[in-house]
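Q: Sequential numbering from 2 applies to the sequence shown in the working numbering.
Below you will find the structure I want to go over with you.
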Amino acid sequence: MERLQVNIPGTTAYDVMIADGLRRELNEYIADSYSSILIIADRHVADLYMDDITNVLKTRGNIFCKVIPPGEGTKSMEWYDRLLDYCISCNLDRKSLIIALGGGMTGDLAGFVAATYLRGISYIQIPTSILAHDSSVGGKVAINHKAGKNLIGAFHHPDKVLFDTEMIDSLPLKEKRSGYGEVVKHALLSDKSWFDEIMERELKELENHKAARDLIRGVRLKASIVEQDEKEAGVRKYLNLGHTLAHAIETELDYGSVTHGEAVVIGIIFALSLSGMEEERNRLLVWADNNGYPLEVVGELDERKLLEHMKRDKKAERGKINYVLLQAVGSPYVSHVEEDELLHALKQFKNEVIE
């Protein structure tokens, strides 16, 4: 069992617990004081794990389950409204608990429902994907708008994060690729030796214990940054490495064929190009290609449309695009990048990736 604590000065503190088989021991970690529990999971996750969770919690009574469609498209105003209706129909009160059982999409959506229902009720994250090791920590919850990703959201920290690493075994290769987008980001923000280690990995041969070790390192890094900067006024901005282009790609594709983490890897390669870090860029490009990341999608997208999406990004200020770049591995910074420079770089990037 790995137990990490996130301490937000003057706000809250909560535990992140990481271990094999944790889902079978939930009663040890979920307080008895909740009046009722609503478990939200997408259809794929529910088929795999909903029975496990409800069987453990069934002695408590007042357990409700809501299954939602998989995919980023569910993180919408429509499904947010449906979940609020369901909360009301279940008579959830301010002592109720929402459990977000799933990946990043489920955590974001269920967390935003918890943040806003009755002006905020408790929720617990039970991540089931590698990707969600990042999104489950830090209190950011949101839904998407047709104009862009995560444009409607809040800061609302979970009571706990409970990560059962056995669940990694059930992930398809595409989800492992997606998850390692955030792992690569964490490595580049912190530790060259970690980045070097990841560049030797074949994700189709990913061993559970190595993935678990990466999750622990990623959570530890994320917690240390969030503790310094809860509301993204300073160093937390660095966690957006690769995300400016990634969100633009996702929005332009209407959250379809490319997962968030796959888009993040493409965005990181582009950020390394802007940073002038050719060695790391080339290594990541080769690694991404070898592991089946959909790099070809870059050639299908119009750079001017991507630029317009980037201008609406949450990190943009007064219409100016702020970009997270690297001086070196472990040395991030934020810089304003002019539109003409970005447009030229995007065109060049498209040509290089296609080749």
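Note that the Cβ used here is the ideal one computed from N, Cα and C, for glycine as well.
Going by DSSP, name the residue or residues bridged to T13.
A: The partner list for T13 (beta bridge, DSSP) reads I9.
Q: With DSSP collapsed to three states, give me the class of C66.
A: Looking at C66 - three-state DSSP - the assignment turns out to be strand.
Q: Does the contact criterion of 3 or more C-beta pairs under 8 Å hold for the stretch 216 to 224 versus the stretch 185 to 205?
A: Segments in contact, yes.
Q: Taking 8 Å as the threshold, find out whether the stretch 225 to 241 comes into contact with the stretch 271 to 290 through three or more Cβ pairs.
A: No, the stretch 225 to 241 does not touch the stretch 271 to 290.
Q: Which of the three DSSP states, helix, strand or coil, is assigned to I54?
A: I54 falls in the helix class under three-state DSSP.
Q: Under 9 Å between the Cβ atoms of L23 and T129?
A: Going by C-beta atoms, L23 is not nearer than 9 Å to T129.
Q: Nearest to V68 by alpha carbon, out of L302, I9 and G103?
A: Checking every option, the nearest Cα to that of V68 belongs to G103.
Q: Going by CA-CA distance only, name the one from F271, M278 and K315 that's closest to A329.
A: Selected option, being the one with the closest Cα: M278.
Q: So if DSSP puts A42 in a beta bridge, which residue, or which two residues, is it bridged to?
A: In the DSSP output, where bridge partners are listed per residue, A42 has V68 and L102.
Q: Which whole-angstrom value describes the C-beta separation of K53 and R25, a residue pair presumed to lie in contact below a C-beta threshold of 8 Å?
A: The amino acid at residue 53 is misidentified as Lys; the sequence shows Asp. The pair is a contact, with the Cβ atoms about 7 Å apart (cut-off 8 Å).
Q: Output the boundary residues of the alpha helix (DSSP H) element that contains V266.
A: That run of the alpha helix (DSSP H) goes H261 to S276.
Q: In whole angstroms, give me the CA-to-CA distance for N8 and P333.
A: When rounded, the distance between both Cα atoms is 23 Å.
Q: Using only CA atoms, which one of V236, G331, N145 and D109 lies nearest to F156?
A: Residue D109 is the option with its Cα nearest to F156.
Q: Work out the CA separation of A101 and S90 for me, nearest whole Å.
A: Their Cα atoms are separated by approximately 18 Å.
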